[in-house]
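Heads up, the thing below is written out as C-alpha cells.
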Amino acid sequence: SQTIHQWPATLVQPVGSPLSLECTVEGTSNPNLYWYRQAAGRGLQLLFYSVGIGQISSEVPQNLSASRPQDRQFILSSKKLLLSDSGFYLCAWSVKSGLEAFFGQGTRLTVV
Amino acid sequence: GNSVTQMEGPVTLSEEAFLTINCTYTATGYPSLFWYVQYPGEGLQLLLKATKADDKGSNKGFEATYRKETTSFHLEKGSVQVSDSAVYFCAQLSGGYNKLIFGAGTRLAVHP
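Protein sequences, first through last, are from chains Y and X.
Take the first sequence: its position 86, counting from 1, is numbered 1487 in our numbering, and each next residue is one higher.
Take the second sequence: its position 64, counting from 1, is numbered 81 in our numbering, and each next residue is one higher.
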C-alpha cells in the first residue's frame, strides 16, 4: 500500500533562518506531488506541484522554493524565513490518472 | 478565477443532530468536487467526491450532491456523532494535474 511521510510535525524557526521540509512517498511510482499551505484563518492554498523529477511549477509568488531530486521525494525550502511563512504545510500525492489526492500529516511552522 | 467558499465555523452540535456545511464554488465548466476531512492530529483524507452534475457522493453517513444550478456541494449528515468532530474542507479540481482549490475549512465540534 502507498504511504506518505512528512517531517517534522512541528517546527519553530527564527526570522531569517533557512527551511527544509521533506516529503517522501512509498508504494507508488511517478506520482504527481504537491505542497499546500494553510495560513491562519485561510483555506489550503497550492504552493507547488511536480509531475516528474526536476519538474516544479509554482502557483503563487513567494519566499519559498521546491525541488524534486528523486521520483518520490519532494522538498520545500527557503533561504530566509519571513514571519508570513508561518502556517500549516501539507504534502500530497496523486496518481496521474486518478482524482484523489493523498495527504501527509502536515508540518506546523511557526516563524518567530 | 476559480474558488471555493464554505461556511465559517466552528459549528457546534449535540450528538444525533443534523449537520449541514454549505459549500459553493465558482469555475468555468463543471469541475470534480470533493469533501476532505481532517481529524485531530491527522492529515487530510478524502471523505466523498462527485465528478459531474447531479452526482451524489456519500461515505460514512455523509452525503453531498453536485448542484450545477446553484454551484453548490453542501455536506450533510442526518445524525452526527462525537467521532465526527473534525475540520471539513470543500475542494474542486482546477487546471489539470489534479490540482485542488480548497475552501477555508469548517471546524465541527460534536458534544454528547
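Cβ coordinates follow ideal geometry from the N, Cα and C atoms, glycine included.
Residue i CB to nearest chain A CB: under 8 angstroms?
i                : result
ALA44 of chain X : Looking for chain A here will not work: the only protein chains present are Y and X.
Does the distance from the C-beta atom of residue i to that of residue j stay below 8 angstroms?
i                  : j                  : result
ILE1454 of chain Y : GLN1471 of chain Y : yes
ALA126 of chain X  : TYR56 of chain X   : no
LYS94 of chain X   : PHE79 of chain X   : yes
PHE106 of chain X  : TYR42 of chain X   : no
THR123 of chain X  : GLY58 of chain X   : no
What residues match up with residue i in a beta bridge as DSSP calls it?
i                  : result
LYS3 of chain X    : This structure leaves residue 3 of chain X out entirely; chain X is present only between 18 and 129.
LEU1412 of chain Y : Y:LEU1510
GLN62 of chain X   : X:VAL54
PHE90 of chain X   : Answer is none; PHE90 of chain X lacks a bridge partner.
GLN23 of chain X   : X:CYS40
LEU30 of chain X   : X:VAL127
THR45 of chain X   : Answer is none; THR45 of chain X lacks a bridge partner.
SER67 of chain X   : Reading off the sequence shown, one finds Ala at residue 67 of chain X, where the question assumed Ser. Looking at the DSSP assignment, ALA67 of chain X forms a beta bridge with X:LEU50.
Report the neighbours of residue i on chain X: residues whose CB is nearer than 8 angstroms to its CB, in chain order.
i                  : result
SER1495 of chain Y : ASN115
THR1510 of chain Y : Note on identity: in this sequence residue 1510 of chain Y is Leu, with Thr being the wrong assignment. The contacting residues do not exist; LEU1510 of chain Y stays about 15 angstroms from chain X at best.
VAL1452 of chain Y : TYR114
ASN1433 of chain Y : TYR114 and ASN115
By the criterion of Cβ-Cβ separation under 9 angstroms, what are the contact partners of residue i in chain Y?
i                : result
LYS66 of chain X : LEU1500 and GLU1501
Under 7 angstroms Cβ to Cβ from residue i, same chain only, skipping five residues before and after it: list those, please.
i                  : result
VAL1452 of chain Y : ASN1433
GLY1417 of chain Y : LYS1481 and LEU1482
SER1517 of chain Y : It is not possible to answer for residue 1517 of chain Y, since the shown part of chain Y is limited to 1402 through 1513.
For a contact meaning CB atoms closer than 8 angstroms, what does residue i contact in chain Y?
i                 : result
ALA126 of chain X : Simply none; closest approach about 17 angstroms.
SER49 of chain X  : LEU1500
PHE120 of chain X : What sits at residue 120 of chain X in the sequence shown is Gly, not Phe. Result: GLY1444.
Which residues in the same chain as residue i place their Cβ atom closer than 6 angstroms to its Cβ, once the five residues preceding and following it in sequence are excluded?
i                  : result
PHE1489 of chain Y : GLN1439, GLY1507 and ARG1509
TYR1435 of chain Y : TYR1450 and ALA1493
How would you list, in chain order, the residues of chain X whose beta-carbon sits under 7 angstroms from the beta-carbon of residue i?
i                  : result
PHE1558 of chain Y : No information on residue 1558 of chain Y is available, as it lies outside the stretch 1402 to 1513 that chain Y covers here.
What does a CB cutoff of less than 8 angstroms around residue i pick up in its chain, not counting 5 residues either side in sequence?
i                  : result
ALA34 of chain X   : SER96, VAL97 and VAL127
ILE1405 of chain Y : CYS1424, THR1425, VAL1426, GLU1427, CYS1492, ALA1493, TRP1494, PHE1503, PHE1504 and GLY1505
What does residue i touch in chain Y if you count any residue whose Cβ is under 7 angstroms from its own?
i                : result
GLY60 of chain X : LEU1491, PHE1504, GLY1505, GLN1506 and GLY1507
Entirely enclosed beta strand (DSSP E) segments - the stretch 1417-1498 of chain Y, minimum 3 residues: 1420-1427, 1433-1439, 1445-1453, 1456-1459, 1466-1471, 1474-1479 and 1488-1495
Tell me the start and end of each unbroken beta strand (DSSP E) in the stretch 101-127 of chain X that is at least 3 residues and wholly inside, in chain order. 103-110 and 117-119
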